Structure formats: C-alpha cells, structure tokens
Amino acid sequence: MQLLTCPLCRGDVRVGSSGCLTCSLTMADVARHQRLAGRRSFARSAGMRLTGLLLYSAAVFWTWWQLRDAMVFVVPAAVGGGLLHVWRGRPWLGLVVFWLMVVLLPILVVPALGTGFWADFRQGWE
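If you're matching positions, the sequence shown starts at 115 in my numbering and goes up one per residue.
Printed below as a string of structure tokens:
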C-alpha cells in the first residue's frame with residue numbers, strides 16, 4: 115500500500131482514494147504536490163553536494179597555496195568531511211569531522227614537538 119502526504123494537513127493519503135479525507139484536497143492536487151516536492155528535493159540535494167565539493171576543494175587548494183605544511187592535516191580532513199558531505203549527504207557531520215581533524219588533531223600532536231626540544235636540552239648538559 116503506497117501512501118502520499120497531503121501538502122495541507124500533512125496526513126497520509128492512500129493512492130487509490132479520491133483525495134485527502136481530513137482536509138478534502140483532491141487526489142490530483144496531492145499527486146501534483148508530490149511530483150513538485152520530488153523535483154525540489156533533488157535540486158536541493160544536488161546543490162548541497164556541489165557546495166560541499168566546492169568547499170572542500172577550496173580548502174585543499176587554499177592550504178596548498180598558503181600553508182603547504184598543513185596539507186598533512188587538511189587533505190585527510192577534506193576527504194573525510196567531503197565523503198560525509200558529498201557522498202552521504204550529511205553536511206553538518208562533514209563539517210564537524212573536518213573541524214576536528216584540522217583543529218583538534220594538531221593540538222594533540224603539539225606535545226610531541228617538545229620531545230626534540232628536551233632531547234637537545236639534555237645533550238647540552240652532557
């Protein structure tokens with residue numbers, strides 16, 4: 115049994131019925147709304163995915179142009195965020211993953227930078 119959604123009352127409408135029983139909207143109007151809603155959702159989905167593709171490509175390009183040493187963090191983050199944003203259609207989760215990998219991962223690596231300093235400092239005393 116296939117159900118459509120009434121655009122006025124958001125109730126379920128069976129395909130074989132004459133229209134929405136709650137608000138008396140005809141079946142032709144309910145079906146026309148379903149076709150238009152499908153086109154809008156496809157256009158919105160395609161636009162969101164294209165925006166994600168451009169966003170992550172621009173982040174990688176800008177990093178390559180300005181901060182080549184940061185490419186180690188930005189490229190994997192763009193791949194992870196881009197997969198979630200473009201492939202899976204989850205833009206906010208993609209942005210969160212991108213942010214975590216670009217901001218928090220380098221912060222976790224900062225203590226490792228001090229080991230070289232301490233090794234050089236101890237060699238100076240010996």
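For glycine and all other residues, C-beta sits at the position ideal for the given N, C-alpha and C. Values in this document were obtained by computation on a predicted structure and should not be read as measured data.
Using CA coordinates, which residue listed in the options is at the minimum distance from residue i?
i, options, result
"Ala174", "Ser138, Gly203, Leu207, Phe187", "Checking the displayed sequence, the identity of residue 174 turns out to be Val instead of Ala. The residue with the shortest Cα to Cα distance from Val174 is Phe187."
"Gly196", "Leu219, Thr229, Trp213", "Trp213"
"Thr165", "Leu139, Leu198, Val224", "Leu198"
"Tyr170", "Phe156, Gly161, Trp179, Ala191", "Ala191"
List the endpoints of the continuous alpha helix (DSSP H) containing residue i.
i, result
"Val186", "185-196"
Spatial neighbours of residue i within its chain, please: C-beta separation below 8 Å, excluding the five flanking residues on both sides.
i, result
"Ser159", "Gly203"
"Gln148", "Leu118, Thr119"
"Gly194", "Gly208, Val211, Phe212, Met215"
With DSSP run on the structure shown, which of helix, strand or coil describes residue i?
i, result
"Gly133", "strand"
"Leu218", "helix"
Just reading off the beta strand (DSSP E) that residue i is part of, what are its end residues?
i, result
"Leu117", "117-119"
Ignore the nearest five residues each way along the sequence and tell me which others in residue i's own chain have a CB closer than 7 Å to its CB.
i, result
"Val129", "Gln116, Leu118"
Given 8 Å as the limit, tell me if residue i has its C-beta closer than that to any heavy atom belonging to the ligand ATP.
i, result
"Pro225", "This structure simply doesn't include the ligand ATP, nor any ligand for that matter."
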